[in-house]
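Quick note: the sequence shown uses the numbering used here, first residue 336, plus one each step. Okay, structure first, notes after.
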Amino acid sequence: MTNRSPSPNVDLEGLLNGLIQKMFPAWYACQAAKEAHLGNLGVLNPHSFLSHRWLSLHAVFSDAGKSLIEAGEEWKPLCGLLEKLISEREFNRSLSISAIDGLEHSAHDEDWPNLYSWAEHVGKDVPHDSAEDFDRLRQEAFPAENKPHRMVYREWDGRYYWLNKSDSAAFAGLLLHAQKKQRDANINTLINVESINDKVLDRIHAEYWWLLLTRDSAEAFYALLEQAGLPATLADFEWRRSDLAFLIARKNNRKLNQVILNLLNKRSSQHIIEFGRWLGRHHFPFRNH
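Structure, rendered in structure tokens:
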């Protein structure tokens with residue numbers, strides 16, 4: 336007889352992990368969740384002078400809903416809840432120009448971080464130093480015959496944006512004067528206030544895990560749950576961030592709940608976000624007066 340030593344190419348630890356995973360899949364998933372490496376989510380809601388570069392909850396809920404429809408019948412109730420999450424109301428109010436955070440349209444491709452940076456480029460050749468300039472520019476940018484001027488206010492991030500039709504050099508000059516002279520101006524506006532329906536959000540939070548991760552992390556963890564026979568699904572985030580994805584599951588499975596709690600335990604919001612809870616915490620109520 337000859338003594339045979341294990342081949343140096345055999346991954347004994349890998350074989351043992353595979354055996355444990357097959358024999359005790361839920362237990363293995365719980366342990367793996369504690370040690371899982373999660374990617375960095377990055378900036379979810381970037382600053383820009385253009386509103387369409389901000390995080391769009393309309394896009395988030397729409398894209399996630401389309402994914403859930405494709406995932407099967409069991410996710411249709413959540414799809415219906417997502418469709419009801421945003422509520423909208425309109426108010427005719429006076430709004431100061433300093434409150435406006437962004438524009439809906441611009442012919443410029445530069446990604447300026449705020450409206451003042453945009454104004455420095457668009458309004459630099461517009462006379463804006465005198466009080467007479469200020470009054471003239473206010474009338475040119477927001478003519479009385481076009482009031483009320485259309486704005487949107489988003490209660491989940493406290494940002495206003497103007498539903499403009501094109502770049503306005505007069506508005507840019509107005510902002511430059513206001514900044515340099517510490518002045519402000521009020522305009523008559525019709526504000527569309529976008530809010531989160533709290534009752535719908537509470538229902539989602541009570542019935543579902545709604546986790547945001549990098550797509551690689553979400554797919555790896557979904558595969559782990561699938562191997563353990565624990566029901567879950569993946570859903571898209573929004574078209575601008577294809578590198579992110581939702582991991583979604585019902586909260587009526589005790590074993591699954593324990594796995595996800597292990598995943599969430601002591602994790603940074605830079606790596607995983609309970610999206611329903613995140614929405615509940617980010618709330619800047621519209622001042623209706």
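Each residue gets a CB set at the ideal place from its N, CA and C atoms; glycine is no exception.
Three-way DSSP call (helix, strand, coil) for Trp613 in this model = helix
Could you have a look at Val535 and say whether DSSP puts it in helix, strand or coil?
-> helix
Ser383: buried (16+ other C-beta within 10 angstroms of its C-beta) or exposed?
-> buried
Sequence-distant residues of the same chain with beta carbon closer than 6 Å to Ala368, five excluded per side | So the qualifying residues of the chain are Val594, Asn597, Leu598.
Of all the options Val395, Asp436, Ser465, which has the alpha carbon lying nearest to the alpha carbon of Arg518?
-> Ser465
From which residue to which residue does the alpha helix (DSSP H) around Arg437 run?
-> Per the sequence shown, the amino acid found at residue 437 is Gly instead of Arg. First-last for Gly437: 435-438, but that is the beta strand (DSSP E), not the alpha helix (DSSP H).
Could you spell out the range, first to last residue, of the alpha helix (DSSP H) harbouring Asp571?
-> Element bounds for Asp571: not the alpha helix (DSSP H) but the beta strand (DSSP E), 568-571.
Just to confirm, are Gly508 and Gly458 a CB contact at a threshold of 7 Å?
-> yes
Kindly indicate which residue of Lys419, Val378, Asn449 has the alpha-carbon position closest to the one of Asp537.
-> Residue Lys419 is the option with its Cα nearest to Asp537.
Who are the Cβ neighbours of Leu350 in its own chain at under 7 Å, not counting the five residues just before and after it?
-> With a pLDDT of only 49 at Leu350, under the threshold of 50, the placement of this residue in the model should not be trusted; the figure read from the coordinates follows. Counting only Cβ-Cβ distances below 7 Å, and skipping sequence neighbours, we find nothing.
Going by DSSP, what residues sit across from Leu430 in a beta bridge?
-> Ile522
Would you tell me roughly how many angstroms separate the C-alpha atoms of Met358 and Ala563, rounded to the nearest one?
-> A caution first: Met358 carries a pLDDT of 48, below 50, which makes its placement in the model unreliable, though a value can still be read off. Cα to Cα, Met358 sits roughly 10 Å from Ala563.
What is the C-beta distance between Pro483 and Leu525, in whole angstroms, given that I count them as a contact (C-beta under 8 Å)?
-> 4 Å
Using the rule of at least 16 other Cβ atoms within 10 Å of the residue's Cβ for burial, across every protein chain shown, is Asp571 buried or exposed?
-> buried
Which whole-angstrom value is the C-beta distance of Leu591 and Leu565, which I expect to be below 8 Å?
-> 4 Å
Asn375: buried (16+ other C-beta within 10 angstroms of its C-beta) or exposed?
-> exposed
Contact between the segment 437-456 and the segment 383-396: three or more CB pairs below 8 Å?
-> yes
To the nearest angstrom, how far is it from the Cα of Ser388 to the Cα of Val487?
-> A small correction: the amino acid at residue 388 is Arg; Ser does not occupy that position in the sequence shown. If you take the alpha carbons of Arg388 and Val487, they lie about 15 Å apart.
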